[in-house]
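Chains as they are written, first to last, in my numbering: chain A, 3 to 211; chain B, 76 to 662.
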Amino acid sequence: MIELISQNPILAALVALVGLAILFGALLGFAAEKFKVEGDPIVEQLDELLPQTQCGQCGFPGCRPYAESIANGDEINKCPPGGQATINAIANLLDVPAPELDAEHGEESEVKTVAYIREDECIGCTKCIQACPVDAILGAAKLMHTVIADECTGCDLCVEPCPVDCIDMLPVEETIADWRWSIPDQPGQLIATDKRGELASQPNSEDAA
Amino acid sequence: MNKTWVTPGGVHPPENKLQSVTQSIGQLPIPETLVIPLSQHIGAAAIPCVEIGQAVLKGQVIAKPAGVVSIPMHAPTSGTVSAIEHRPIAHSSGMLAPCIEITSDNADTWIEHQGISDYEHISPAKLVEMVGNAGISGMGGAGFPSAVKLNPGRQRPIDTLIVNATECEPYITADDSAIRERAGEIVEGIKILSAILGHPSHIMIGIEDNKPEAIEALAPHVEGTGISVVVFPTKYPSGGEKQLIYILTGKELPSGKLPADIGMVCINIGTTYAIKRAIIDGEPLVSRVTTVTGDAVGIQRNYDTLIGTPVSHLLTHNKYDQQAGGRVVMGGPMMGFTLPSAEVPIVKTTNCILAPSYAEIPDDEPAQPCIRCGMCAEACPASLLPQQLFWYAQAQDHERLEAHNLFDCIECGACSYVCPSNIPLVQYYRAAKGEIRHAQDEKVKADHARERFEFHKERIEQAEREKEEKRAARREAALKAKANPPTADKTDGASGSKAEAKPSSSAADIIAAAQARAAAKQASPEDQQAKLERTIAATEQRLIVAEEKLAEAIASDSDKQAVFSAAVENTRQKLQQSKTKLAELTA
């Protein structure tokens, strides 16, 4: 065997290389079949970043279709509920510069809202129930409807179809449970003589508790 | 002498403890009104079970626990419930929270209560239940319900019980004075805990060496009980749970784990006293020792304070000079927070009310840029990198914050204390933690919304599909009907074509056979018969009614006679038709 190889070194090398190429080719081919990635992973990742309000302000029927559209090269600044934070996150994921929010699709609102049905005025037409993308409205024909506040994403798609305008978008009130500390003001650019100046808070009896 | 370990970092702020321990634990007159917040602990807020105007006795349950991780609330004195509403509470946000207000009748009458002395013969589960019913939550700081901590349903046996008497924060002497005066009862409470936990092999009271009187007071009581009092050098923050476990055992509590996961229970010494009162005396937790200190109060002393006492009541009884002090802090100078108003009540976790003068604790100096001196990293007891966390918190880089173990920060304030630039570092970490938790909550909500949206879409699609199928079926049926219009009577067709279908093979016949089968399926002879019988019965009924009406009309000579007689005739005909059909069918 060894003799044979040493007598035909070029042939032996060739055989060895071709053999390896076939072996690895088969291995890679098998792996490509076996560990095939289902679906488009980038769409999944984009969908994860979108706020899932399903409001359709981007012009697509829901967050996933918009994610698919972004994956196909659409603009990333069409999501007002997500706002700049979502745009930044998507830009980070796709490694593109983050644009400003496209005002054409709406403005980013500061406060989160939920729909509230003024139940006395509701005529039970079920139009809002059909409009709700997350089935957060409860009711039946000719019976009063109501919104499950915990499930409402605040997309306001139910407001427009209501024939008697009895749906309000109310801001979600902050409670002690979801109160958060805020980031302190940035350290100022002080020089030593400023320290005792007007920036330093004055001791007075007003803020005595 | 037990071996102790030394934690990394730490600071030595001025202790300022002596001024409040010159006198024994005092009693205050009962305030006119007491305000009991429904959430004084970690977990769900209690649910009120009294009504406005109801008379209550001291120790009566006024709010029931909501779920497992929750505790009941008891009336701290006798009187009447005067309000159940939102009030300012001791919270950094300054927001209002649901509270029960009790107007005292000054009698301080206890509700009938009874303890048990032979706790050794009672099952641990029953003892834990008693602890839970007494409304005891951790009195050291966080306020975790003690019954949950002691729950025997755990997987790992507890081999170490650590009683935290460190009280490392400056100014506070509540535990110190309680040990001096109540060492016997405290040790009794530790023995009860030991019984609940199945007599762990190590029971240690961890105490700093700046409390020699307390150590001395404990010595005679622990002799021969197997409880060891472990004294270690004073350093802030040795009293943190993780820090104390390391000091006493040399074991590090892994990130994100509870002491129970490594077979330990760590409990505050004030809580052991409350447990003794609950089991032996049957008294729920209605009062605690609170230090009132700081140069702005005339008398600096510890008080046995009723839960719900307004802070203003404590201040006025201690000659508080509003001109001298700028703010009132609940807790110590390191981890405490400035109260939004002096009307907030004392709660189960309030160990100190600090009213410092301006000279004592000046207002915060304006923060300056970080100079990367690294002093914070040296001071951090959790071996974190405070300045890195500070940068990432400013940049809101949640991933890196978590990678740098932000959640292991105990918010002790040692980094802010040493910072030469006066950067309020802890506030950055609190804000960042809040942001991350908020983002996680939002994520959960978004996932939930996505799930619901997808289900909604699927449901709509399915409904659409079904509709489409039905439409297609109808279209097909219509086409067939056009191709082969049915001539025979339905029932006749059914029986007739069925017999003929097999021999014939023409397309028209096959269609006819299919139609016949469909018709037969819809109405088998038995069904039809039953249906006809029902129709006959109903028509007969109608006929009787119609005849009655006709008779009435005839009797009253009404002009509707004609209408009624027509109706009777109509019904009679229908009845006749049905009867003939039935006869045909059964024939």
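We treat Cβ as the ideally placed atom computed from N, Cα and C, and that holds for glycine. Keep in mind it's a predicted model, so treat the numbers as computed, not measured.
Strand pairing of C174(B), partner residues [DSSP]: Position 99 of the second sequence, counted from the first residue, corresponds to residue 174(B). Residue pairing for C174(B): DSSP places it in a beta bridge opposite P112(B), E160(B).
With 16 as the cutoff for other CB atoms within 10 Å, does P444(B) come out buried or exposed? Sequence index remark: in the second sequence, residue 444(B) carries index 369 (1-based). Under this definition P444(B) is an exposed residue.
Could you check how far apart the C-beta atoms of P112(B) and V367(B) are, in whole angstroms? I think they sit under 8 Å. Locating residue 112(B) in the second sequence gives position 37, counting from the first residue. Locating residue 367(B) in the second sequence gives position 292, counting from the first residue. No, P112(B) and V367(B) are not in contact; Cβ-Cβ is about 20 Å, not under 8 Å.
Just mark L103(A) as buried or exposed, buried being the case when its beta carbon has 16 or more other beta carbons within 10 Å. Here residue 103(A) is taken as the residue at index 101 of the first sequence, counted from 1. By the 10 Å Cβ count, L103(A) comes out buried.
Proximity below 9 Å, CB of G400(B) to CB of A430(B): Taking the first residue of the second sequence as position 1, residue 400(B) is located at position 325. Taking the first residue of the second sequence as position 1, residue 430(B) is located at position 355. Taking 9 Å as the Cβ cut-off, G400(B) and A430(B) qualify as a contacting pair.
Does S579(B) come within less than 9 Å of chain A when only Cβ atoms are used? Translated into positions along the second sequence, residue 579(B) becomes position 504. Below a pLDDT of 50, predicted positions are generally treated as unreliable, and S579(B), at 47, falls in that range; no measurement from the model is reported.
Would S95(B) and Y246(B) be called neighbours here (beta carbons separated by less than 9 Å)? Position 20 of the second sequence, counting from 1, holds the residue named residue 95(B). Position 171 of the second sequence, counting from 1, holds the residue named residue 246(B). Taking the C-beta atoms as reference points, Y246(B) is found nearer than 9 Å to S95(B).
The alpha helix (DSSP H) that contains T425(B), what's its start and end? Within the second sequence, the letter at position 350 stands for residue 425(B). Here T425(B) belongs to no alpha helix (DSSP H), and DSSP marks it neither H nor E.
Is the number of C-beta pairs between the region 407-419 of chain B and the region 143-157 of chain B that are closer than 8 Å three or more? These segments do not touch.
Closer than 7 Å at the beta carbon, the chain B residues around E153(A): For the purposes of this step, residue 153(A) is taken as residue 151 along the first sequence, with counting starting at 1. Chain B residues near E153(A): R527.
Can you give me the C-alpha to C-alpha distance between P173(A) and C160(A), rounded to a whole angstrom? Within the first sequence, residue 173(A) is the residue found at index 171, counting from 1. Within the first sequence, residue 160(A) is the residue found at index 158, counting from 1. Here the alpha carbons of C160(A) and P173(A) stand approximately 16 Å from one another.
Does M148(B) have its Cβ less than 9 Å from a Cβ in chain A? Here residue 148(B) is taken as the residue at index 73 of the second sequence, counted from 1. Contact with chain A is absent for M148(B), since none of that chain's Cβ atoms lies less than 9 Å from the residue's Cβ.
C-beta contact flag for E486(B) and V501(B) at 9 Å: Here residue 486(B) is taken as the residue at index 411 of the second sequence, counted from 1. Here residue 501(B) is taken as the residue at index 426 of the second sequence, counted from 1. Result yes, Cβ atoms of E486(B) and V501(B) sit closer than 9 Å.
Cβ of G509(B) within 9 Å of any chain A Cβ: Position 434 of the second sequence, counting from 1, holds the residue named residue 509(B). Answer yes: the Cβ-Cβ gap between G509(B) and chain A drops below 9 Å somewhere.
For L172(A), name the three-state secondary structure that DSSP assigns. To locate residue 172(A), count along the first sequence from 1; it is residue 170. The three-state reading of DSSP puts L172(A) in strand, counting E and B together.
Tell me the start and end of each unbroken beta strand (DSSP E) in the region 63-137 of chain A that is at least 3 residues and wholly inside, in chain order. The qualifying runs are 115-119.
Could you pull the DSSP bridge partners for A442(B) from this structure? One-based indexing of the second sequence puts residue 442(B) at position 367. DSSP output for A442(B) lists no bridge partner at all.
So V261(B) and I254(B) are in contact, right, with Cβ under 8 Å, and what is the actual spacing, rounded? As a first step, residue 261(B) is located in the second sequence; it is residue number 186 there, counting from the start. As a first step, residue 254(B) is located in the second sequence; it is residue number 179 there, counting from the start. Sequence check: residue 261(B) is Ile here, not Val. With a Cβ gap of about 6 Å, I261(B) and I254(B) count as contacting.
Who pairs with T155(B) in a beta bridge, going by DSSP? In the second sequence, the residue the question calls residue 155(B) occupies position 80. T155(B) pairs with A130(B), T178(B).
Please classify V20(A) as buried or exposed, where buried requires at least 16 neighbouring CB atoms within 10 angstroms. As a working mapping, residue 20(A) is identified with position 18 in the first sequence. That one is exposed.
Given D250(B), which residues of its chain have a CB within under 7 Å of its CB, disregarding the five upstream and five downstream residues? Translated into the one-based positions of the second sequence, residue 250(B) becomes position 175. Hits under 7 Å: A240, E242, I344, G345.
Is there contact here, the region 131-150 of chain B with the region 193-211 of chain B, by at least three beta-carbon pairs under 8 Å? Put simply, the region 131-150 of chain B touches the region 193-211 of chain B. At least three CB pairs are less than 8 Å apart.
For V113(A), I'd like the list of residues in its chain whose CB is within less than 6 Å of its CB, leaving aside the five on either flank, ordered along the chain. Within the first sequence, residue 113(A) is the residue found at index 111, counting from 1. Hits under 6 Å: P173.
Would you call T424(B) buried or exposed, if buried means 16 or more other Cβ atoms sit within 10 Å of its Cβ? Along the second sequence, one-based indexing puts residue 424(B) at 349. Counting other Cβ atoms within 10 Å of its Cβ, T424(B) reaches 16 or more and is therefore classed as buried.
By Cβ distance below 7 Å, which residues in the same chain neighbour G264(B) in space, the five residues on each side in sequence not counted? Start at 1 with the first residue of the second sequence, and residue 264(B) comes out as number 189. These residues qualify, in order along the chain: T347, Y348, I350, K351.
I need the DSSP call for D584(B), collapsed to helix, strand or coil. Translated into positions along the second sequence, residue 584(B) becomes position 509. D584(B): helix per DSSP, three-state reduction.
Let me know if E121(A) comes out buried or exposed under the rule of 16 or more other beta-carbons within 10 Å of its beta-carbon. In the first sequence, counting from the first residue as 1, residue 121(A) sits at position 119. E121(A) counts as exposed, since fewer than 16 other beta carbons sit within 10 angstroms of its beta carbon.
Give me, in chain order, the residues of the same chain whose beta-carbon lies closer than 7 Å to that of V51(A); leave out the 5 immediate sequence neighbours on both sides. Position 49 of the first sequence, counting from 1, holds the residue named residue 51(A). First, the amino acid is wrong: residue 51(A) is Leu here, not Val. Excluding sequence neighbours, L51(A) sits near T88, A91, I92, L95.
Quick check on this structure: which residue in S111(A), D97(A), D187(A) has the alpha carbon closest to the alpha carbon of A73(A)? For this step, residue 73(A) is matched to residue 71 along the first sequence. With distances taken between Cα atoms, A73(A) lies closest to D97(A).
Would you kindly report the start and end of the unbroken alpha helix (DSSP H) that includes E256(B)? Start at 1 with the first residue of the second sequence, and residue 256(B) comes out as number 181. Boundaries of the alpha helix (DSSP H) harbouring E256(B): 249-271, taken from the DSSP string.
Please classify E176(A) as buried or exposed, where buried requires at least 16 neighbouring CB atoms within 10 angstroms. Numbered from its first residue, the first sequence carries residue 176(A) at position 174. E176(A) should be labelled exposed.
For the beta strand (DSSP E) holding C341(B), just list the boundary residues, first then last. In the second sequence, residue 341(B) corresponds to position 266, counting from 1. Looking at the DSSP string, the run of the beta strand (DSSP E) that includes C341(B) is 339-343.
Residue burial classification, I619(B) (beta-carbon count within 10 angstroms, cutoff 16): Start at 1 with the first residue of the second sequence, and residue 619(B) comes out as number 544. I619(B) counts as exposed, since fewer than 16 other beta carbons sit within 10 angstroms of its beta carbon.
From E440(B) to N497(B), what distance separates their C-alpha atoms? Here the question's residue 440(B) lines up with position 365 in the second sequence. Here the question's residue 497(B) lines up with position 422 in the second sequence. Straight-line Cα distance between these residues: approximately 6 Å.
By the criterion of Cβ-Cβ separation under 7 Å, what are the contact partners of A172(B) in chain A? As a first step, residue 172(B) must be located in the second sequence, where it is residue number 97. The contacting residues are I178.
With DSSP run on the structure shown, which of helix, strand or coil describes R376(B)? The residue you call residue 376(B) lines up with position 301 of the second sequence. Of the three classes helix, strand and coil, the one that applies to R376(B) here is strand, per DSSP.
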